[in-house]
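In this note's numbering, the protein residues as written are 8 to 233. Glycine residues also receive a C-beta, built at the ideal position from the N, C-alpha and C atoms. Being a predicted model, the structure only gives us computed values, none of them experimental.
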Amino acid sequence: MSAAASLQDALETLDPRFESTHPNIEVNYNFAASGTLQQQIEQGARVDLFISAASKQMDGLQAKSLIINDTRRNLLSNSLVLVVPQDSALQISEFQQLTDPAVKRISLGEPRSVPAGQYAEEVFENLDILAQLQSKFVYGNSVRNVLGSVESANADAGIVYATDAQISDQVKTVVKAPANLHAPIVYPIAVIAASTQPEAARTYGQFLASEEAHKVFSQYGFDPGE
Numbered sequence: 008m009s010a011a012a013s014l015q016d017a018l019e020t021l022d023p024r025f026e027s028t029h030p031n032i033e034v035n036y037n038f039a040a041s042g043t044l045q046q047q048i049e050q051g052a053r054v055d056l057f058i059s060a061a062s063k064q065m066d067g068l069q070a071k072s073l074i075i076n077d078t079r080r081n082l083l084s085n086s087l088v089l090v091v092p093q094d095s096a097l098q099i100s101e102f103q104q105l106t107d108p109a110v111k112r113i114s115l116g117e118p119r120s121v122p123a124g125q126y127a128e129e130v131f132e133n134l135d136i137l138a139q140l141q142s143k144f145v146y147g148n149s150v151r152n153v154l155g156s157v158e159s160a161n162a163d164a165g166i167v168y169a170t171d172a173q174i175s176d177q178v179k180t181v182v183k184a185p186a187n188l189h190a191p192i193v194y195p196i197a198v199i200a201a202s203t204q205p206e207a208a209r210t211y212g213q214f215l216a217s218e219e220a221h222k223v224f225s226q227y228g229f230d231p232g233e
């Protein structure tokens with residue numbers, strides 16, 4: 008199974024629950040940026056089930072007939088937040104203040120492969136501050152990489168999902184991005200057309216859409232997708 012990096016903690020919590028009731032199905036995980044996972048699938052990587060952190064990557068696979076269309080659904084949704092190191096002395100309360108010269112380095116996901124970075128650029132563009140900030144950007148190859156940059160204070164601020172900020176005690180959330188400033192953050196799930204275990208993949212996908220699974224997802228800050 009290939010899944011967006013931001014899902015790692017929730018899926019690793021859910022895995023033993025699923026396998027305890029489905030002992031004949033073993034799930035192996037590959038966590039990375041959604042764009043990276045999309046490319047791997049397009050290049051023929053053995054994947055049965057895919058969860059992306061944006062519609063774009065799943066749309067790309069669907070356009071190439073690489074997913075089983077009737078298995079696609081929006082499993083979860085998320086929010087985007089601005090975070091700073093826990094001991095940061097920066098006086099920031101809104102995105103526009105990132106233009107302050109005191110803010111030297113802003114970490115965000117590489118927009119071409121990391122949906123969180125794509126959403127972050129949309130926020131900055133809609134606030135009309137993207138051009139002013141670009142020289143400060145430090146790109147990460149996944150949203151967890153961005154979080155790590157802020158935790159280690161290698162960046163003064165970063166843009167991550169609310170779910171990532173929630174699991175770290177080394178960062179503090181400054182502000183949540185208004186939903187009207189970026190495309191909806193949804194996590195589509197689908198069985199891959201080339202899957203060698205399509206029924207097992209469907210079974211696990213159905214489990215992830217269950218009420219039991221959503222209780223766990225909500226503990227990690229995710230909202231239902233549909």
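Residue range of the beta strand (DSSP E) that includes residue i
i      : result
Arg80  : 80 to 84
Val150 : Counting along the chain, Val150 falls outside any beta strand (DSSP E), though it belongs to the alpha helix (DSSP H) covering 150 to 158.
Ile196 : 193 to 198
Ala12  : Per DSSP, Ala12 belongs to no beta strand (DSSP E) and is neither H nor E.
Gly4   : Absent from the structure is residue 4, since the part of the chain shown begins at 8 and ends at 233.
Cβ-based neighbour list, residue i, same chain, cut-off 7 angstroms, excluding 5 preceding and 5 following
i     : result
Gly42 : Gln64, Arg119, Ser120, Val121
Ala39 : Ala12, Ser149
Supposed close pair residue i, residue j - CB separation, criterion 8 angstroms
i      : j      : result
Arg80  : Glu233 : 6 angstroms
Tyr194 : Ala60  : 6 angstroms
Ser100 : Val182 : 6 angstroms
Ile192 : Ser86  : 7 angstroms
Asp171 : Leu154 : 5 angstroms
Residue i (DSSP reduced to helix, strand or coil)
i      : result
Val182 : strand
Ser175 : coil
Residue range of the unbroken alpha helix (DSSP H) whose run includes residue i
i      : result
Phe224 : 218 to 226
Pro205 : 205 to 215
Beta-carbon contacts of residue i that lie in its chain and below 8 angstroms, excluding the five residues immediately before and after
i      : result
Asn35  : Met8
Lys111 : Lys143, Asp163
Glu219 : Arg24
Neighbourhood of residue i by C-beta, 6 angstroms cutoff - its chain only, sequence neighbours within 5 removed
i      : result
Gly124 : Leu115, Gly116, Glu117, Pro118
Val54  : Ser9, Ile48, Ile199
Any chance you could list the beta strand (DSSP E) runs of at least 3 consecutive residues sitting entirely within the segment 24 to 102, in chain order? Listed in chain order, the beta strand (DSSP E) runs fully inside the segment 24 to 102 are 37 to 39, 56 to 58, 80 to 84, 87 to 92, counting runs of at least 3 residues.
To test your reading of the DSSP string, which unbroken alpha helix (DSSP H) runs of 4 or more residues are found completely within the segment 97 to 143? Runs of the alpha helix (DSSP H) spanning 4 or more residues and lying entirely within the segment 97 to 143 occur at 122 to 133, 137 to 140, in chain order.
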